[in-house]
Amino acid sequence: MIGALKEKFRNSIGLKFVAALTAVISVLMIVGTIFVARMLMKGQYGALESHGLELAHYLGKAGTDAIFMKDPATIEGLVFDAVRSRDMLYTHVQDGSGAVLSGPFASFNRENPDVKALLANEKSDDVVTLAATVRKKLDALEVSIDINYQGAKIGRVTMGFSRTRIKKEAWTIIALLLGTSVGIVFALSAVVHIMARKMIVAPAAEAEAVAWNISEGNLTQSVRVRSMDEFGMLGRGLNRMIVGLKTMIGSVRDASLHVGSMSGQVRDISEKITNGGREQSEAVEEAASSVNEMHFALKEIAGNVENLHASSEHTSSAVLEMAASVDEVAGTMSSLTTSIEDTSTAIAQMSAAIKQTAENVEILSSAAEETAASANEISVSVREVESNAKQSASLAEAVAADAQQLGVRSIEKTIDGMKKIESATRQAADVVGRLRGRSESIGSILTVIEDITDQTGLLALNAAILAAQAGEHGKGFAVVAAEIRELANRTALSTQEIGKLITAVQDESREASEAMTGGLVVVEEGARLSQAAGEALRKILGRADQSRDMSRSISRASAEQAKGIKQVSEAVDKINEMTHQIARATHEQRSGSEQIAKASEKMREITRFVKSAMVEQAKGGKGISGAVEEINAKVGMVNRAAGEVRAGSDLVVKAMDRIKSIVKVNTVLAVGLNDTVEIMASLSDSLKKGVEKFKI
Amino acid sequence: MGKEKKVAVIEETVQVVSFQVGPEEYGLDINSVAEVLRPLKITPLPRMPRFVEGVINLRGAIIPVVDMRKRFELSEIKNDSKKMRMMIAKNAVAASPGAGHQLLGLVVDSVQDVITIPKKHIESAPEAAKGTHADFITGMGKVGSRLIILLDITTILSREERAALAEAGRE
C-alpha cells in the first residue's frame, strides 16, 4: 500500500506540488495560530487584572468606614456580595495590622465547584492560608490593593480570579483557527492538483505519446498545441522535429531510388566495355601478323647494307686523291696571301695620305662652320627683331583699338551724360523756382486767411459782448459766439503753423535752387573736361597709328634681311662641302692607283697556279663519280626493300589506328563510368548524411 | 437741501471783458463796453488835452481815444500790431447834456475774452497797492490761476480830464 503511494508520488508532479504547498501552508498556519492565541490570552489576563483591581478598589471605598470601625458584619456582607461576581474565587479584607476581617464562609465563592471541592477537604479556618491553597491549586490570578484613609494605610483587599474561562475561550479560538487553516489547505491542494493535471500532466502525456510514435517511426501524428506556455513550446518543438524528419526521410527515399537507376546504367556501361575489349584483342592479332611480315623485309635490308659497305671503300680511295689536289691548292693560296699583304701595305700608305688631307679639310670645314654659325646667330637676332617689331605693331593696334572703342566712346557717352545732367538740373531748377513762386502765393493767401480769422474772432467777441448785455435773452447767442470765437482761434493757430511750413518750404527751395546752380557749374566743368579728354585721346590714337605703321615696316625689312642671311649661310655650306670632296678625290687618285697596278700583276701569276690545280682536281672528280654510280645502284635496292617495309608498316599503322580508335571509345566509356561513379558517390554521401540526421 | 442748491445756482456773478496792457491782464464790466475794434486811424486834433491821442470816426460818431499804455505809464514799445485792439467804452466821460453815449476809445495790446467771475472770487484791491492816482481799480478777480485787475470806467479819467474832455467836445 505504502509502496504504491510512493510510486504514484514519484510519477506525479501534481502530487509533489500539493505536498510541498500543504506543508508550507500548514507550518505558517500553526505558527500564526500560536502567536494569535498567546496575544489573546495576554490581553485577557490584563483585562481580568484591571477588572479585579477596580473591584478591589470599589470594595475598599465602600468598606472604608467599616474597616476603620472594624465592623466585621458589614465587611462580611460586602465581601459576600463581591465574591459572587464572575470568575471570582475568593475575596478577603485585612486591616492595617494584617488581621483578616472577613470570615471563611463569606470570603470564598462556594458556587464555583472546584473551590467547593477544595474547601470541603480543608480543615483550617484561616482565610489567608485557605486563599493561598486555592491560589496554588487552581492557578488563580491574585490581585490586592491597599486601602488608605487620610494618608494612612488602614487595610488591604485581596481577590483571586479563575483563569479557566479565559483558557477555554482561547482554546475555542485556536480550534476555530486550526479548522479554518485545514480547510484552506485542502481547498488550495485541490486547486493545485487540478491545475497541474490540466496544464502539465495532460500535455506532457500527449507529447510523450507523440514522441513514442516518432521513435517507432510513425510520423503521422502531431501534438495539438493549445497554449503559448513552456508546454506549448515543447509541443511546437516536437511538431517541427516531425516535419524535419519527414523531409529527411523523403530525401533518403529519393536517393535510394537514384542509386537503383544508377546501378542499371553502370551495368550497361560495363557490357560496352567488354565488347570494346573483344574488338581490341582482334585488332591486336592483326597487328602481330603484319609485324611478322615487317621482320622478313628487314632481313633483306640487312643484305643490301653489306653491299653498300663495299662500295663505300671505293669512295674513300677517290677521296684520298682529292686530298692531294687540295694540298696543291693550299700552296697557291699561301702565295696569294703574300700578294694580299703587299696590297694591304699599299693601302696603309694610302690611308696615311688620306689622314693628312682629312686634317687639312677639317681645318677648312671648321672655318666654314664658324662662318655658318655666325650667319645663323645673325639670322636669329634678325628674327627676334622681326618678332619684336610684330609685337609692338600688334600692341599699337590694340592701343588704337582700345582708344577708338573704349576711350572715345566712353568720352562721348560721358559728354552726352553731362549734357543730359545739365538739362535735367535746369529742369529741376525751374521746378524749384516755380515751387518757390507757388509757396509765396500760398503765403499771401495765408495772410488773407489770417485777416479773415482775426475779423471773425473780433466779430465773435463783439457778439459775445452784445449777448451778455442782452442778459437772459442773449444767452443762446453767447454760446454761438463763443464757439465761433473758438473756431477762429483754432483757424488762427493752424494758419500760423501753415505759415511756418510755407516759410520752411521757401527756405528749402531757395537752398535747392542754389544747389542746382552750383551743380550746373560743376556739370559744365565736367563736360568741358571730358571734351578735353576726348581731344587728348584722339591725339593718342593718331600717335598709336603712326607707331603701328613704323613697327610694321621694321618687321617687313627684318624679314627680308633674314632671307638674305639664310641664302648667305647656304652658300657657305655648299662651298664647305665642295672643298671636302675635292681634297678627298685628289689624294686617293695620287697614291692608290700605283699600288693597285702592282697588286694586279701578282694576282695574274696566282691565277695561273690555280688553273693547273683545277686540272688535277678534275681527274680526282672522275673516280669519285664512278663510285657514286655504284652507290646509286645499291641505293636503288635499298629503296625497293624500303618500299616493302613501307607496305608492312602501313598495315601496322592501320592496325594501330584501329587500336587507337577502340582505345578512344574505351576512354570515353571510362569517362562516362567515372561520372556515373562520381554521381553515385555524391548520392551515397547525401544518403549517409540523411541517415546520420535520422539517428540524431 | 433743494434750497441750498438753488442759492448756489443764483450765485451773483460779474461778466467782464478781459484785455491786456503790457504784461498785466485787466477786466472791464461788460455793460461798459460798446464794441471792440481793430485800431482805426486816429486823427489828432489841435489843442486837444495831452492825455488824448486823437479822435476816430466810428460810423459817423467822433470818439476821443486814450492810449492805455501811456495811461498806465508803461513803455511805449508796441507788441504784435496785429493783436492791437481798440475798445469803445461807454459812460467813461462825465454825463453832460447832449453828449450822446459818452463813448471813449481805449487802445489796448490785445482783447482776450468775455469772462464770468463769481463775486466771491473778487477781492478789493489793497490800499497800499492803489496809490493816489490809481483809484480806478475796483478789485482783483481770480479766475483759476489768472489774476484780473478790474477797472472802473467812470474813474479811469480824473475829474479834471473829464471836464476838459467835455469842454473839448462842446467846442
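Residue numbers (this note's numbering), protein chains in the order written: chain C, -5 to 690; chain S, 23 to 193.
All C-beta atoms in this analysis are idealised placements derived from N, C-alpha and C, irrespective of residue type, glycine included.
Through-space distance from residue j to residue i, alpha-carbon basis
i	j	result
Val566(C)	Arg377(C)	20 Å
Gly666(C)	Gln215(C)	45 Å
Ile69(C)	Ile160(C)	29 Å
Ala692(C)	Thr511(C)	There is simply no residue 692(C) to check, as chain C begins at -5 and stops at 690 in what is shown.
Ser96(C)	Val137(C)	16 Å
Gly92(C)	Leu34(C)	36 Å
Ile673(C)	Val659(C)	21 Å
Gln38(C)	Thr166(C)	14 Å
Lys494(C)	Gln500(C)	10 Å
Arg157(C)	Lys117(C)	25 Å
Gly145(C)	Thr58(C)	13 Å
Phe99(C)	Tyr52(C)	21 Å
Gly258(C)	Asp248(C)	16 Å
Gly24(S)	Glu33(S)	Reliability of the predicted coordinates at Gly24(S) is poor, the pLDDT of 40 falling under 50, and no value is obtained from them.
Lys27(S)	Met162(S)	In this prediction, Lys27(S) has a pLDDT of 44, which is less than 50 and means its spatial position is unreliable; nothing more can be read from the coordinates.
Gln555(C)	Ala390(C)	23 Å
Lys266(C)	Asp669(C)	16 Å
Pro119(S)	Glu189(S)	Caution applies to Pro119(S), whose pLDDT of 49 falls short of 50 and renders its modelled position unreliable; the model cannot decide the point.
Ala361(C)	Asp539(C)	47 Å
Ala185(S)	Leu179(S)	10 Å
Gln575(C)	Gln561(C)	22 Å
Lys654(C)	Val260(C)	24 Å
Buried versus exposed call for residue i [16 or more other C-beta atoms within 10 Å across all chains shown]
i	result
Asp679(C)	exposed
Asn269(C)	exposed
Gly127(S)	buried
Val29(S)	Confidence at Val29(S) is low in this model, with a pLDDT of 45, below 50, so the placement of that residue is unreliable and no value is reported for it.
Phe102(C)	buried
Arg634(C)	exposed
Ile29(C)	The amino acid occupying residue 29(C) in the given sequence is Phe; Ile does not appear at that position. It is exposed - the Cβ of Phe29(C) has fewer than 16 other Cβ atoms within 10 Å.
Ala394(C)	buried
Asn370(C)	exposed
Bounding residues of the alpha helix (DSSP H) (the contiguous stretch that carries residue i)
i	result
Leu171(C)	Thr158 to Ala190
Phe29(C)	Ile7 to Ala56
Met412(C)	Arg403 to Ala464
Ile208(C)	Ala196 to Ser209
Glu46(S)	Glu46(S) -> not in any alpha helix (DSSP H); beta strand (DSSP E) instead, spanning Glu46 to Asp51.
Thr127(C)	Val121 to Leu132
Val691(C)	This structure gives no information on residue 691(C), because the portion of chain C shown stretches from -5 to 690.
Ala100(C)	Pro98 to Ser101
Arg91(S)	Met90 to Arg93
C-beta atoms of residue i and residue j nearer than 7 Å
i	j	result
Leu125(S)	Gly49(S)	no
Ile148(C)	Phe74(C)	no
Val136(S)	Ala458(C)	yes
Arg479(C)	Ala454(C)	yes
Val237(C)	Gly229(C)	no
Ala198(C)	Leu232(C)	no
Ile496(C)	Ser433(C)	yes
Ser386(C)	Ser545(C)	yes
Ile720(C)	Ala31(C)	Past the boundaries of the shown model lies residue 720(C); chain C is included only from -5 to 690, so the question cannot be answered.
Phe155(C)	Asp108(C)	no
Asp157(S)	Val43(S)	no
Ile175(S)	Ala111(S)	yes
Val186(C)	Val18(C)	no
Gly90(C)	Val151(C)	no
Gly227(S)	Ile64(S)	In the structure as shown, chain S begins at 23 and stops at 193. Residue 227(S) is therefore absent and cannot be evaluated.
Ser549(C)	Glu406(C)	no
Residue i - containing beta strand (DSSP E), residue span
i	result
Asn142(C)	Leu135 to Tyr143
Ile69(C)	Per DSSP, Ile69(C) belongs to no beta strand (DSSP E); it is in the alpha helix (DSSP H), Pro66 to Val77.
Lys723(C)	In the structure displayed, chain C extends from -5 to 690; residue 723(C) sits before or after that span and is not available.
Lys164(S)	Ile159 to Val165
Ala56(S)	Val55 to Leu59
Under 7 Å (Cβ pairs) to chain S, residues found in the segment 417 to 440 of chain C: none
Interfacial residues, the segment 51 to 66 of chain S to chain C, with Cβ spacing under 7 Å: Ile52, Asn53, Val55, Glu57, Val58 and Arg60
Contacting positions in the segment 162 to 189 of chain S - beta carbon closer than 9 Å to chain C: none
Interfacial residues, the segment 100 to 114 of chain S to chain C, with Cβ spacing under 9 Å: From the segment 100 to 114 of chain S, only Lys104, Lys105 and Arg107 have a Cβ closer than 9 Å to chain C.
Interfacial residues, the segment 120 to 143 of chain S to chain C, with Cβ spacing under 8 Å: Val133, Asp135 and Val136
Residues in the segment 450 to 474 of chain C having any Cβ partner in chain S nearer than 7 Å: Within the segment 450 to 474 of chain C, those residues whose Cβ lies closer than 7 Å to any Cβ of chain S are, in chain order, Leu452, Leu455, Asn456, Ala458, Ile459, Ala462 and Gln463.
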